[in-house]
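If you read the protein sequences in the order shown, they are chains A and B.
For the first sequence, position 157 (counting from the first letter as 1) is numbered 156 according to numbering that gives the first Met the number 0, and the numbering increases by one without interruption.
For the second sequence, position 186 (counting from the first letter as 1) is numbered 185 according to numbering that gives the first Met the number 0, and the numbering increases by one without interruption.
2 protein chains.
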Amino acid sequence: MKKVTMADVAKLANVSKSTVSQYLNKRYEYMSEETRKRIARAIEELGYQPNIIARSLKQKTTMTIGVIVFNLLHMLTTQVLHAIEEACQERGFHVIVSNSDDDPEKEKKYIEMLRAKQVDGLIIFPTGKNADVYQKMTEERFPLVFVDRMVPGVKADAVLLDNQKAAALAVEYFAERGYERIGVVAPPPVSHIIPRMERIEGFRQALAKKGLPVVDDYFITTEIPRIQKELTRLFASGRLPEALFAINDLTLMEVLYFVKGNHIKIPDELAIISIDDVPFAHVYTPTLTTIAQPTFAMGKKAAERLFLQIAKKSEHQPQVFRFSPTFIERGSAKEKTS
Amino acid sequence: MKKVTMADVAKLANVSKSTVSQYLNKRYEYMSEETRKRIARAIEELGYQPNIIARSLKQKTTMTIGVIVFNLLHMLTTQVLHAIEEACQERGFHVIVSNSDDDPEKEKKYIEMLRAKQVDGLIIFPTGKNADVYQKMTEERFPLVFVDRMVPGVKADAVLLDNQKAAALAVEYFAERGYERIGVVAPPPVSHIIPRMERIEGFRQALAKKGLPVVDDYFITTEIPRIQKELTRLFASGRLPEALFAINDLTLMEVLYFVKGNHIKIPDELAIISIDDVPFAHVYTPTLTTIAQPTFAMGKKAAERLFLQIAKKSEHQPQVFRFSPTFIERGSAKEKTS
DNA sequence: TTGTATGCGTTATCAA
DNA sequence: TTGATAACGCATACAA
Chain A
0 MKKVTMADVA KLANVSKSTV SQYLNKRYEY MSEETRKRIA RAIEELGYQP
50 NIIARSLKQK TTMTIGVIVF NLLHMLTTQV LHAIEEACQE RGFHVIVSNS
100 DDDPEKEKKY IEMLRAKQVD GLIIFPTGKN ADVYQKMTEE RFPLVFVDRM
150 VPGVKADAVL LDNQKAAALA VEYFAERGYE RIGVVAPPPV SHIIPRMERI
200 EGFRQALAKK GLPVVDDYFI TTEIPRIQKE LTRLFASGRL PEALFAINDL
250 TLMEVLYFVK GNHIKIPDEL AIISIDDVPF AHVYTPTLTT IAQPTFAMGK
300 KAAERLFLQI AKKSEHQPQV FRFSPTFIER GSAKEKTS
Chain B
0 MKKVTMADVA KLANVSKSTV SQYLNKRYEY MSEETRKRIA RAIEELGYQP
50 NIIARSLKQK TTMTIGVIVF NLLHMLTTQV LHAIEEACQE RGFHVIVSNS
100 DDDPEKEKKY IEMLRAKQVD GLIIFPTGKN ADVYQKMTEE RFPLVFVDRM
150 VPGVKADAVL LDNQKAAALA VEYFAERGYE RIGVVAPPPV SHIIPRMERI
200 EGFRQALAKK GLPVVDDYFI TTEIPRIQKE LTRLFASGRL PEALFAINDL
250 TLMEVLYFVK GNHIKIPDEL AIISIDDVPF AHVYTPTLTT IAQPTFAMGK
300 KAAERLFLQI AKKSEHQPQV FRFSPTFIER GSAKEKTS
């Protein structure tokens with residue numbers, strides 16, 4: 000119950016604390032076999048566990064990083080987090096996770112608290128609205144990596160999807176199969192949420208590049224809870240789209256719900272492609288053609304970049320990493336028949 | 000860049016460290032308005048951030064807890080974790096998450112490391128195979144809460160589903176609608192994975208209680224990758240089940256995949272009920288009847304119990320909390336027609 | 001090969 | 001009201 004410290008071990012082993020310390024740090028070189036054993040025994044006997052907090056205070060490194068996400072429940076988050084945790088595990092780091100809930104205030108508080116806790120670095124899925132806070136960290140050369148979203152103007156490492164390419168992939172696939180009236184479903188574009196912007200804009204550009212009509216009515220960009228309504232309105236208007244591009248799993252769910260409620264046949268009446276490879280894509284009917292993010296690779300890269308910064312704080316060149324999406328052809332978009 | 004400490008603030012404000020400390024801990028009572036302001040200004044000017052590590056060393060509390068899960072990617076894990084994080088947030092705690100990957104060795108290492116890091120408590124989704132380690136913690140009265148699985152013989156708080164009831168819910172629903180040949184799909188029952196045992200056994204007992212035949216062939220209890228094969232064998236045998244109970248989301252996916260591959264009509268040819276309310280349940284065709292776990296409530300309870308233990312380590316009575324599942328009636332099981 | 005002394009940044013105890 | 005001073009548990013020069 001009462002904590003046993005190095006001093007206790009030292010006393011029992013009849014050596015000084017420093018010797019025990021040496022032992023713990025595996026600097027056996029100048030230690031007699033004899034004392035080594037005595038110390039080992041003493042540790043065993045007392046059930047001694049080093050206090051890492053004390054060590055951290057001295058060494059100015061906690062071997063823990065912080066991860067602040069804007070939505071812990073999101074699939075992408077979970078998967079990237081998993082990869083981060085694994086990478087940390089390999090290097091003996093621990094990760095403190097915090098959910099900002101997409102609230103900039105919370106995010107800011109978390110950043111401060113985690114830094115007060117002396118984390119060695121931070122991986123942030125940013126709300127995007129604390130540019131000044133982020134900026135200050137980069138200026139202080141505090142190890143920092145953004146994931147999923149990046150923040151314009153802040154020179155920091157960032158790991159994200161090549162969103163433009165993802166949108167292009169969808170459009171090209173549709174175009175090559177004869178689809179012309181293609182719509183997109185997304186939450187409202189806002190300047191600080193980069194992937195959303197890039198996907199919607201990428202979609203628009205891809206359309207133009209393929210010589211396809213860009214019709215405003217086919218841009219359903221509204222809050223998730225309003226998507227049903229907008230979809231209903233669009234389909235009631237008569238000017239039906241032949242295909243829909245859902246920019247993420249959340250919007251996909253809305254589209255599927257709508258489709259189901261209105262008995263729309265996929266892919267014959269409406270083709271669908273979405274970003275995020277949802278786990279039920281292959282059991283759905285029809286199977287869903289999706290564009291997957293390499294979540295694991297992204298998480299791993301984020302962790303690696305952070306470790307790099309931690310290792311040599313000084314000459315680190317921030318870089319933005321764009322990960323290529325993977326097109327997974329399944330059954331929700333086919334050759335156009337009608 | 001160079002860390003600014005309390006000493007720096009003290010010097011600039013022309014007071015002693017102790018006074019600054021008082022200030023930081025909001026013990027203004029015996030402090031002149033004057034000094035208070037001077038300190039505030041100094042802190043502001045230097046951009047001082049207290050070092051929580053140092054404080055922890057002194058106070059023997061880190062305000063951080065550890066959460067060790069056996070599968071970070073599992074939906075249940077994510078949701079419970081979310082609730083835990085939220086509860087911690089409210090109390091100013093941080094959470095370190097670690098993935099044991101269902102490997103007892105890893106789990107053990109994590110427990111040791113997190114304790115070395117002086118976490119104030121541990122919430123564990125246990126592999127179940129480190130009974131001695133768990134036991135030692137309870138003996139030392141180290142704050143500990145199990146989630147999802149519990150460990151027989153270890154007297155600790157545990158938060159889990161009323162699995163027996165969940166199984167009964169499914170069986171009763173089937174029974175009342177005229178189903179008789181009911182099967183279950185699960186990974187192999189192993190004694191240290193309590194929920195699995197309870198669900199399978201609960202299923203068996205519910206069957207008996209309803210006077211329904213318990214036929215061994217209808218117990219598909221094998222490793223996930225082998226489920227397809229077993230299902231194929233069963234359906235080729237001629238003795239078809241009319242309904243299937245999938246004990247979790249993973250097995251449900253296997254059932255759905257099988258059903259799709261063999262063009263089996265749900266619910267007419269085969270009714271399905273599963274534990275875990277998968278997010279696509281309401282967009283699938285037919286919609287999926289599921290039995291939901293109150294994941295959020297479970298996470299919250301786990302955190303609360305842990306805080307309770309942290310607050311008064313001594314007279315804490317370990318307790319097992321059984322959470323009632325919620326039956327969500329949708330379309331994958333209906334009145335039997337044939 | 002091992003021990004002594006000092007410091008890491010706080011908080012706590014006790015004087016002043 | 002404020003200030004010395006001693007912890008907290010460990011690591012590290014330096015001495016022995």
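Note that the Cβ used here is the ideal one computed from N, Cα and C, for glycine as well.
| Check | Outcome |
| --- | --- |
| Mapping the DSSP letters down to three states, classify residue 260 of chain B as helix, strand or coil. | helix |
| When DSSP labels each residue in this structure, what does residue 98 of chain A get in the three-state scheme? | strand |
| Alpha carbon to alpha carbon, what distance is there between residue 330 of chain A and residue 99 of chain B? | 36 Å |
| Got a sec, what are the start and stop residues for the alpha helix (DSSP H) residue 280 of chain A sits in? | Residue 280 of chain A -> no alpha helix (DSSP H), and no H or E assigned at all. |
| Under 7 Å, Cβ to Cβ, is there at least one residue of chain A near residue 256 of chain B? | yes |
| Are the C-beta atoms of residue 185 of chain B and some chain A residue less than 7 Å apart? | no |
| Provide the residue(s) that pair with residue 161 of chain B in DSSP beta bridges, ordered along the chain. | Residue 161 of chain B pairs with nothing; no bridge assigned. |
| Beta-carbon of residue 143 of chain A versus every beta-carbon of chain B: anything under 7 Å? | no |
| Taking 6 Å as the cut-off, does the CB of residue 261 of chain B come closer than this to any heavy atom belonging to the ligand FAD? | Ligands in the displayed structure: none, and consequently the ligand FAD is not present. |
| Once DSSP output is grouped into helix, strand and coil, what is the label at residue 46 of chain B? | coil |
| Mapping the DSSP letters down to three states, classify residue 0 of chain A as helix, strand or coil. | Low per-residue confidence applies at residue 0 of chain A: pLDDT is 48, beneath 50, and the placement is therefore not dependable, though the value from the model is reported in the following sentence. Residue state, collapsed to three classes: coil. |
| Consider the Cβ of residue 317 of chain A: report whether some Cβ of chain B lies at a distance smaller than 7 Å. | no |
| Here's the rule: buried if 16 or more other CB atoms are within 10 angstroms of the residue's CB, otherwise exposed. What is residue 275 of chain B? | buried |
| Rounded C-beta distance between residue 328 of chain A and residue 288 of chain A? I'm assuming under 8 Å. | 6 Å |
| Under 7 Å between C-beta atoms, does residue 247 of chain A make it to chain B? | no |
| In chain order, what residues of the same chain lie with their CB nearer than 7 Å to the CB of residue 238 of chain B, ignoring the 5 residues before and after it? | 216 |
| Any idea what DSSP makes of residue 167 of chain B, helix, strand or coil? | helix |
| Determine the direct distance from the alpha carbon of residue 206 of chain B to that of residue 378 of chain B, and round the result to whole angstroms. | In the structure as shown, chain B begins at 0 and stops at 337. Residue 378 of chain B is therefore absent and cannot be evaluated. |
| Does the separation of the CB atoms of residue 60 of chain A and residue 93 of chain A fall below 7 Å? | no |
| Contact defined as beta carbons within less than 8 Å: I believe residue 277 of chain A pairs with residue 248 of chain A. What is the distance between those atoms, to the nearest angstrom? | 5 Å |
| In this structure, what does DSSP give as the bridge partners for residue 271 of chain A? | A:243 |
| Taking 7 Å as the CB-CB cut-off, is residue 273 of chain A touching chain B? | no |
| In the segment 196-222 of chain B, which residues sit with their C-beta less than 9 Å from some C-beta in chain A, listed in chain order? | none |
| State the CB to CB distance for the pair residue 266 of chain A and residue 333 of chain A, rounded to an integer number of angstroms; the pair is presumed to be in contact (CB under 8 Å). | 5 Å |
| Tell me which residue opens and which closes the alpha helix (DSSP H) that residue 238 of chain A is part of. | Here residue 238 of chain A belongs to no alpha helix (DSSP H), and DSSP marks it neither H nor E. |
| I want to see whether chain B comes within less than 7 Å of residue 279 of chain A, judged by CB atoms only; does it? | yes |
| Near residue 242 of chain B, what residues of its chain come up, given a Cβ to Cβ distance below 6 Å and the 5 sequence neighbours on each side ignored? | 173, 178, 181 and 270 |
| Just curious, the beta strand (DSSP E) that residue 291 of chain A is in, first and last residue? | 288-291 |
| Per DSSP, what kind of secondary structure is residue 17 of chain A in: helix, strand or coil? | helix |
| Should the segment 100-110 of chain A be called in touch with the segment 35-42 of chain B, which here means at least 3 C-beta pairs below 8 Å? | no |
| Looking at residue 218 of chain B and residue 183 of chain B, is the spacing between their C-beta atoms short of 7 Å? | yes |
| Do you know offhand how far residue 254 of chain B's Cα is from residue 310 of chain A's? | 48 Å |
| Nearest-angstrom Cα distance between residue 300 of chain A and residue 145 of chain A? | 11 Å |
| On a Cα-Cα basis, can you pick out the residue from B:123, B:75 and B:58 that is closest to residue 105 of chain B? | B:123 |
| Decide if residue 250 of chain A is buried, meaning its Cβ has at least 16 other Cβ atoms within 10 Å, or exposed. | buried |
| When the Cα of residue 246 of chain A is compared with those of A:221, A:262 and A:263, which residue comes out closest? | A:221 |
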